[in-house]
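**Q** Protein sequences appear in the order of chains Z and W. The opening residue of the first sequence carries number 1 in this note's numbering; numbering runs sequentially from there. The opening residue of the second sequence carries number 309 in this note's numbering; numbering runs sequentially from there. In this text, a Cβ means the ideal position worked out from N, Cα and C, and glycines have one as well. Keep in mind that this is a model prediction, so the values were computed, not measured. First, the structure itself, so that you have it in front of you.
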Amino acid sequence: MKLAQRDAVLLEETMGLAEIRGRSLWADARGRFIRNKAAVAGLVVLVLVALFAFFGQVLAQYEPQHVDFSLMGANAWRGVPSLETGHYFGVDSDGRDLFARTVQGTRISLLVGIVGALVAVVVGTLYGAVAGYVGGRTDQVMMRTVDILMSIPFMFVLILMLVIFGRSIFMLFLGIGLISWLDMSRIARGQTLSIKNKEFVEAAVATGVRPFTIILRHVVPNLAGIVIVYSTLLVPQMIIFESFISYLGLGVQEPMTSLGALINQGASQMNNGTLWMMGFPLFFFLITLFAFFFVGDGLRDALDPKDR
Amino acid sequence: MSPILSVTDLSVTFDVRPPGAWPWTPPLKLQAVGGLSFDIEPGETLGLVGESGSGKSTVARAIIGTVPHSGGRIVFDGKEIGAMSESARRRHRKDVQMVFQDPLAALNPRMTVGDIVAEPLVTHHPEVERAEVKRRVGEIMERVGLLPNLVNRYPHEFSGGQCQRIGIARALVMRPKLLICDEPVSALDVSVQAQVVNLLKEIQADMGLSMIFIAHDLSVVKHISTRIVVMYLGRIMEAGPAQEITRRPRHPYTQALISSVPIPDPVLEKARPRPILEGELPSPLNPPSGCVFRTRCPKAQPDCAEPGRDRMDREGGVLVNCTYHEVRDALAV
Chain Z
1 MKLAQRDAVL
11 LEETMGLAEI
21 RGRSLWADAR
31 GRFIRNKAAV
41 AGLVVLVLVA
51 LFAFFGQVLA
61 QYEPQHVDFS
71 LMGANAWRGV
81 PSLETGHYFG
91 VDSDGRDLFA
101 RTVQGTRISL
111 LVGIVGALVA
121 VVVGTLYGAV
131 AGYVGGRTDQ
141 VMMRTVDILM
151 SIPFMFVLIL
161 MLVIFGRSIF
171 MLFLGIGLIS
181 WLDMSRIARG
191 QTLSIKNKEF
201 VEAAVATGVR
211 PFTIILRHVV
221 PNLAGIVIVY
231 STLLVPQMII
241 FESFISYLGL
251 GVQEPMTSLG
261 ALINQGASQM
271 NNGTLWMMGF
281 PLFFFLITLF
291 AFFFVGDGLR
301 DALDPKDR
Chain W
309 MSPILSVTDL
319 SVTFDVRPPG
329 AWPWTPPLKL
339 QAVGGLSFDI
349 EPGETLGLVG
359 ESGSGKSTVA
369 RAIIGTVPHS
379 GGRIVFDGKE
389 IGAMSESARR
399 RHRKDVQMVF
409 QDPLAALNPR
419 MTVGDIVAEP
429 LVTHHPEVER
439 AEVKRRVGEI
449 MERVGLLPNL
459 VNRYPHEFSG
469 GQCQRIGIAR
479 ALVMRPKLLI
489 CDEPVSALDV
499 SVQAQVVNLL
509 KEIQADMGLS
519 MIFIAHDLSV
529 VKHISTRIVV
539 MYLGRIMEAG
549 PAQEITRRPR
559 HPYTQALISS
569 VPIPDPVLEK
579 ARPRPILEGE
589 LPSPLNPPSG
599 CVFRTRCPKA
609 QPDCAEPGRD
619 RMDREGGVLV
629 NCTYHEVRDA
639 LAV
């Protein structure tokens, strides 16, 4: 009798406990991602690269613009990477500290990649979701516009823009922003077409929810998985794109630099026995790309386990 | 008492573009529903029965206003739905709510159950405070037999029957005047079906709402409906009080539907005569002339193909869309 009473009290206490927290699909995905070792390693590398890019200048002994005239003409043997001189990564062909330059270049490259991916995520997702959800003639007009924009050889247009309006980081961001969302909008539209016919969207319509609210509340969150995966794979694409532009000598302007520009400069000095000038930027370029690819793969496996 | 919903001569037509046609060729007209009329009194349940493709769901969508109707009138609470503006239609949806067939697919997988149930409330009354929303969500969840402390869970953590209860809670949170259940139990186990049907019955009696209950299974419909409308290819075949339709079906199609409900007694099941329907539903793009059912009707006569054969006979309280009908006692449903 007494036991039963105690049971009842216990039961009441349990019932009174705070609301049970549910495991969202996001929490499930996080668990799957954390179990993926390659992806977590990629993420760790990414965090380290980001720390390097944004706080590396604290460690640098020299300003990135500082030209060490004492090394002029003697880069190959006196500008080698060394801890004593403070040029951890050596100097570049102009006698500037390569460590500081690499920090700066990595920062610019990361920014270019992230800005490109961000534009793609925001503009591309909304554009595609609206086109897919509204459908009909609106969809036709919006997607044909994307087709037309895609058919323009953008590398060519961007190079022309950089030549006409002058080389600036703003132009570069603009150019990359202009193209990055096109693919994303197509992907988002395709997914929206299938989400639109799900019953929960119909339920929302039948409830009287406004169309734009439906897009934001019901369509976009269900697009998020594929959008996140695609954007992590888009970041390295943008970095490569920027590097290519910089490699052609049209990207960021001196004294600013990017990984592509640094690799370009290093490559031009290859015959002079100063391989470190290309090696260090190249190393950061490669590990950043690899880390992004691993994280992207991990996210894809985590977010849609069915499609593995 | 005036009916809460009055449907008169409703027809719904879809444009269908034949595959590979030029963009400028006129689309084909697919008549999903034609000449449908019925009334629903307050507090009444109307069962809508028919096989797949008979236009039951289209009727539901026309009433809710997500599918435009091409002819006839739908008058809900004194207002014609076709004449409503977009914003008036959104307000109309406050009073008409719907429960869907696939319980899990009808819930957004990225939203918590609490948010799902609260959505109609938040949509139509954005000024209500969060605490009040929470209280009402908890109240309605308790009403449908769910613990209110489950509000932070996600739909995939529930069983089919529980998901359907969530769907019902969402439909009821606004206290609608009319609830449309579009095959609410056909995706559930038989034991859960009974629970959900009983829940709907209870709630209806409690809240005094009117209901349209769509199903392809007469045995489910007869439990909950006061009146039944039997549809075939978008037309009414037979309509009348539930008892009358299930006990003494007049139309050959209703008789076939009833005979397809299994009797849980093997001896009786074997012994009873079965007018089995052959073939498929004809294409609604090209419906048969005269009576639309004649191509599969076991009692079809040559003159059934004549135009004008699809007229209603009124007999007692029952409408029958067949000239050659005869009353036959159904064994059991």
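Strictly under 8 Å for the Cβ-Cβ distance: is serine 258 (chain Z) near chain W by that measure?
**A** No, serine 258 (chain Z) lies away from the interface with chain W (no Cβ there is under 8 Å from its Cβ).
**Q** Does the CB of threonine 431 (chain W) have a neighbour CB from chain Z at under 8 Å?
**A** Yes, threonine 431 (chain W) lies at the interface with chain Z (some Cβ there is under 8 Å from its Cβ).
**Q** Measure from the C-beta of methionine 406 (chain W) to each C-beta in chain Z and report whether the shortest distance is under 8 Å.
**A** Chain Z, which has a Cβ nearer than 8 Å to the Cβ of methionine 406 (chain W), makes this yes.
**Q** Taking only beta-carbon positions, decide if aspartate 307 (chain Z) is within less than 8 Å of chain W.
**A** Low local confidence applies: a pLDDT of 47 at aspartate 307 (chain Z) is under 50, so the model's placement there is unreliable, and no value is given.
**Q** With a threshold of 8 Å between beta-carbons, can valine 119 (chain Z) be considered close to chain W, or not?
**A** Not one chain W Cβ lies under 8 Å of valine 119 (chain Z).
**Q** If contact means a Cβ-Cβ distance below 7 Å, which residues of the segment 206-223 of chain Z contact chain W?
**A** Correct list: Ala206, Thr207, Gly208, Val209, His218, Pro221 and Asn222.
**Q** Considering only the beta carbon of each residue, do isoleucine 195 (chain Z) and valine 227 (chain Z) sit closer than 8 Å?
**A** Cβ atoms of isoleucine 195 (chain Z) and valine 227 (chain Z): not closer than 8 Å.
**Q** For alanine 640 (chain W), name the three-state secondary structure that DSSP assigns.
**A** Low confidence applies here, because alanine 640 (chain W) scores a pLDDT of 45, under 50, leaving its location unreliable and the question unanswered by this model.
**Q** Determine the extent of the beta strand (DSSP E) in which proline 236 (chain Z) is found, giving its start and end residues.
**A** No beta strand (DSSP E) holds proline 236 (chain Z); the alpha helix (DSSP H) holding it covers 220-247.
**Q** What residues from chain W crowd round lysine 198 (chain Z), counting only those whose CB sits closer than 7 Å?
**A** Per Cβ cutoff of 7 Å: Ala413.
**Q** Rounding to the nearest angstrom, what Cα-Cα distance links phenylalanine 312 (chain Z) and leucine 250 (chain Z) in this structure?
**A** Lying before the first or after the last residue shown, residue 312 (chain Z) is absent from chain Z, which here runs from 1 to 308.
**Q** My understanding is that alanine 479 (chain W) touches methionine 419 (chain W), with C-beta atoms under 8 Å, so please give their C-beta distance in whole angstroms.
**A** Not really, about 16 Å apart at Cβ, beyond 8 Å.
**Q** Would you call the CB atoms of leucine 356 (chain W) and isoleucine 522 (chain W) closer than 8 Å?
**A** Yes, the pair counts as a contact, with Cβ atoms nearer than the cut-off.
**Q** One question on the structure: do alanine 129 (chain Z) and leucine 43 (chain Z) come within less than 8 Å of each other, judged by their Cβ atoms?
**A** For alanine 129 (chain Z) and leucine 43 (chain Z), no; Cβs fall outside 8 Å.
**Q** Whose C-alpha, out of W:Ile312, W:Asp497, W:Gly542 and W:Glu491, is nearest the C-alpha of isoleucine 532 (chain W)?
**A** Of the listed residues, the one whose Cα sits closest to isoleucine 532 (chain W) is W:Glu491.
**Q** So with Cβ pairs under 8 Å, would you call leucine 299 (chain Z) a contact of chain W?
**A** No, its Cβ sits nowhere closer than 8 Å to a Cβ of chain W.
**Q** For chain W, find out if any of its Cβ atoms is closer than 8 Å to the Cβ of arginine 312 (chain Z); answer yes or no.
**A** Past the boundaries of the shown model lies residue 312 (chain Z); chain Z is included only from 1 to 308, so the question cannot be answered.
**Q** Check the Cβ-Cβ distances between threonine 333 (chain W) and every residue of chain Z, and say whether any is below 8 Å.
**A** Taking Cβ atoms only, chain Z never reaches closer than 8 Å to threonine 333 (chain W), which makes this a no.
**Q** Chain Z partners of tyrosine 561 (chain W), CB-CB under 8 Å?
**A** Simply none; closest approach about 28 Å.
**Q** Mark glutamate 427 (chain W) as exposed unless 16 or more other C-beta atoms lie within 10 angstroms of its C-beta, in which case mark it buried.
**A** So glutamate 427 (chain W) counts as buried.
**Q** Pull up the CB-CB distance for threonine 316 (chain W) and valine 341 (chain W), whole angstroms please, since I reckon it's below 8 Å.
**A** Incorrect: roughly 13 Å between the Cβ atoms, too far for contact.
**Q** So, using beta-carbon positions, are glutamate 199 (chain Z) and aspartate 525 (chain W) closer together than 8 Å?
**A** No; because the gap between Cβ atoms is not below 8 Å, this pair is not in contact.
**Q** Provide the residue(s) that pair with glycine 379 (chain W) in DSSP beta bridges, ordered along the chain.
**A** In the DSSP output, where bridge partners are listed per residue, glycine 379 (chain W) has W:Ser319.
**Q** If we define contact as Cβ-Cβ less than 8 Å, is asparagine 416 (chain W) a contact residue for chain Z?
**A** Yes, asparagine 416 (chain W) lies at the interface with chain Z (some Cβ there is under 8 Å from its Cβ).
**Q** Could you tell me whether the segment 91-102 of chain Z touches the segment 276-287 of chain Z, where touching means 3 or more Cβ pairs closer than 8 Å?
**A** A contact exists between the segment 91-102 of chain Z and the segment 276-287 of chain Z.
**Q** Less than 8 Å between CB atoms is the rule here; does glutamate 427 (chain W) satisfy it with respect to chain Z?
**A** Yes, because at least one Cβ of chain Z sits closer than 8 Å to the Cβ of glutamate 427 (chain W).
**Q** Which of the residues in the segment 357-386 of chain W, read from start to end, lie with their CB under 7 Å from any CB of chain Z?
**A** Flagged, chain order: Ile372 and Thr374.
**Q** Answer with buried or exposed for phenylalanine 346 (chain W), where buried requires no fewer than 16 other C-beta atoms within 10 angstroms of its C-beta.
**A** By the 10 Å Cβ count, phenylalanine 346 (chain W) comes out buried.
**Q** Exposed or buried, which one is aspartate 307 (chain Z) when buried takes at least 16 other CB atoms within 10 Å?
**A** Caution is warranted here: a pLDDT of 47 is assigned to aspartate 307 (chain Z), below 50, making its placement in the model unreliable, and no coordinate value can be reported.
**Q** Let me check understanding here. Comparing Cα to Cα, which of Z:Ala60, Z:Asp94 and Z:Phe292 lies closest to phenylalanine 69 (chain Z)?
**A** The residue with the shortest Cα to Cα distance from phenylalanine 69 (chain Z) is Z:Asp94.
**Q** Determine the extent of the alpha helix (DSSP H) in which aspartate 490 (chain W) is found, giving its start and end residues.
**A** Taken as a continuous stretch (DSSP letters only), aspartate 490 (chain W) belongs to no alpha helix (DSSP H), being part of the beta strand (DSSP E) at 486-490.
**Q** Taking Cβ positions, are leucine 496 (chain W) and glycine 469 (chain W) nearer each other than 8 Å?
**A** It is a contact, given that the beta carbons lie within the stated cut-off.
**Q** I'd like the list of long-range same chain contacts for methionine 482 (chain W), defined as Cβ closer than 7 Å, with 5 residues on each side in sequence excluded.
**A** Lys402, Gln405, Pro428, Leu429 and His432.
**Q** Going by C-alpha to C-alpha distance, which of Z:Met184, Z:Asp147, Z:Thr138 and Z:Arg167 sits closest to valine 123 (chain Z)?
**A** Looking at the Cα atoms, Z:Met184 is the closest of the given residues.
**Q** Distance, Cα to Cα, arginine 186 (chain Z) vs isoleucine 214 (chain Z)?
**A** The alpha-carbon atoms of arginine 186 (chain Z) and isoleucine 214 (chain Z) are separated by roughly 19 Å.
**Q** Where glutamate 242 (chain Z) and valine 112 (chain Z) are concerned, what is the direct C-alpha to C-alpha distance, given to the nearest angstrom?
**A** Answer to the nearest angstrom: the Cα atoms are 7 Å apart.
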